[in-house]
Amino acid sequence: MKQLGIKHENKFMIEIDKFARQTYLANHDVDNVYDDITKLDPAELDDIDIFVFGSPCQSFSMQGNRRGLEDTRGTLVFYGLNIIKEKQPKYFIYENVKGMLNHDGGRTFAIIKEAFDELNYDIKYEVLNAKHYGAAQNRERLFIVGIRKDIDQDFTFPKPSKVNFCVNDFIVNCKYKDYTFDTTTIEVAIEKKKTDIKKVFILPHIKYGSDKKIYSTKGISPCLLSGNVRPKFYDEKNKIFRYMTETEMQHIQGFGLNFIFPVSNRQVRKQIGNSIYVGVLNEISKMLLPQQYFKADMAQTDTQELVAA
0 MKQLGIKHEN KFMIEIDKFA RQTYLANHDV DNVYDDITKL DPAELDDIDI FVFGSPCQSF
60 SMQGNRRGLE DTRGTLVFYG LNIIKEKQPK YFIYENVKGM LNHDGGRTFA IIKEAFDELN
120 YDIKYEVLNA KHYGAAQNRE RLFIVGIRKD IDQDFTFPKP SKVNFCVNDF IVNCKYKDYT
180 FDTTTIEVAI EKKKTDIKKV FILPHIKYGS DKKIYSTKGI SPCLLSGNVR PKFYDEKNKI
240 FRYMTETEMQ HIQGFGLNFI FPVSNRQVRK QIGNSIYVGV LNEISKMLLP QQYFKADMAQ
300 TDTQELVAA
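Written out as structure tokens, the structure is:
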């Protein structure tokens, strides 16, 4: 909302992770803070115009356990729906991994979609990739958008941008020596294969896992994950092999360089991996929210205020 110049008020946030709460509160003013959504009575919440939420992706992700609704985390989406039923916001945006669509042969999503359809909302959903909306990152996510049926408004998902970015566009100067790793086996592998690093190089001596691939900063990043995974790169500008820095992850995820992370680097990586790519959320909001919420000029004050959560 800040990046779009939307005058808004954050009525509440719900986050069980204490470190994620610290980061949110370091950057945003919010009236009420809640931790456990399963113990929350939606009737106690303030009325809102828009509700933006997600639920843990590990239950549906190819990187997770794929237990779906058998995993307690997989059912948290229904607590979010209870808030929508009670507060009836004008709009909502929900995000999760695209694996939710095909989990259990599509049966899991059929159950979840039926629950969304029972709300008094016009529902649309689509998988969007961050690389098409200003990110140098291959990050596909499912977005479900709802508009309350008494609001006469159409919605279409934003079209992909024709502008492509690479990791080089997001490189931030830092002490790279803190992010280098042993390259002996890499140099041997490159010499043996008689090749150079272009977009991605597969290390034949590593059987599986994220360490098997080294990416070029001339290309895009793999999906930033919530685990303690740091993409390996050949930095074309500085001519070194290194890990991506936390600041570069922050930049690629769309937070901007002024965003504050008052937590450890491990927590930064976890929070970035769990977050919604800001650029996609901005583009959806532009298509979803009426023009009166936007400031044509940042000095304007006669815009309508959005009440959000």
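With numbering that gives the first Met the number 0, the residue at position 307 of the sequence shown is 306, and numbering never jumps.
Quick reminder that beta carbons are idealized off the backbone N, C-alpha and C, glycines included.
Proximity of residue i and residue j at Cβ, strictly below 9 Å
i	j	result
residue 180	residue 242	yes
residue 47	residue 10	yes
residue 141	residue 279	no
residue 277	residue 253	yes
residue 86	residue 305	no
residue 78	residue 24	no
Residue from the options with nearest C-alpha to residue i
i	options	result
residue 291	280, 303, 285, 254	303
residue 50	18, 92, 110	92
residue 216	222, 135, 142	135
residue 163	146, 28, 137, 144	137
residue 148	169, 165, 89, 115	89
residue 19	289, 284, 293, 274	274
residue 159	21, 130, 112, 308	130
Residues of its chain near residue i, where Cβ-Cβ distance is below 6 Å and the 5 sequence neighbours each way are ignored
i	result
residue 240	182, 233
residue 81	41
residue 32	12
residue 145	91, 120, 122
residue 94	53, 140, 142, 275
residue 34	15
residue 206	Note that residue 206 scores a pLDDT of 45, beneath 50, so its modelled location is shaky and nothing firm can be said.
Buried or exposed by the 16-neighbour rule on C-beta atoms within 10 Å, applied to residue i
i	result
residue 237	exposed
residue 261	exposed
residue 155	exposed
residue 230	buried
residue 218	buried
residue 255	exposed
residue 104	exposed
residue 251	buried
residue 43	exposed
residue 247	buried
Through-space distance from residue j to residue i, alpha-carbon basis
i	j	result
residue 71	residue 96	Below a pLDDT of 50, predicted positions are generally treated as unreliable, and residue 71, at 48, falls in that range; no measurement from the model is reported.
residue 249	residue 177	17 Å
residue 108	residue 143	12 Å
residue 118	residue 212	44 Å
residue 100	residue 120	20 Å
residue 153	residue 165	34 Å
residue 286	residue 17	33 Å
residue 114	residue 173	47 Å
residue 111	residue 30	30 Å
residue 307	residue 8	6 Å
residue 15	residue 116	27 Å
residue 293	residue 28	19 Å
residue 98	residue 124	14 Å
residue 220	residue 235	14 Å
residue 171	residue 102	38 Å
residue 214	residue 45	46 Å
residue 334	residue 175	Given a span of 0 to 308 for the chain in the structure shown, any question on residue 334 remains unanswerable.
residue 288	residue 161	23 Å
Contact set for residue i: own chain, Cβ-Cβ below 7 Å, skip 5 residues either direction
i	result
residue 282	132, 157
residue 222	136, 137, 138
residue 168	135
residue 150	89
residue 21	261, 262
residue 60	Because the pLDDT of residue 60 is 47, which lies under 50, any placement of that residue in the model is unreliable, and the number read from its coordinates should be weighed accordingly. Hits under 7 Å: 96, 98.
Close Cβ partners of residue i (< 8 Å) along its chain, the five nearest in sequence each way excluded
i	result
residue 26	258, 259
residue 245	260, 264, 267, 268, 271
residue 75	36, 37, 54, 55
residue 84	41, 118
residue 3	281, 284, 285, 293
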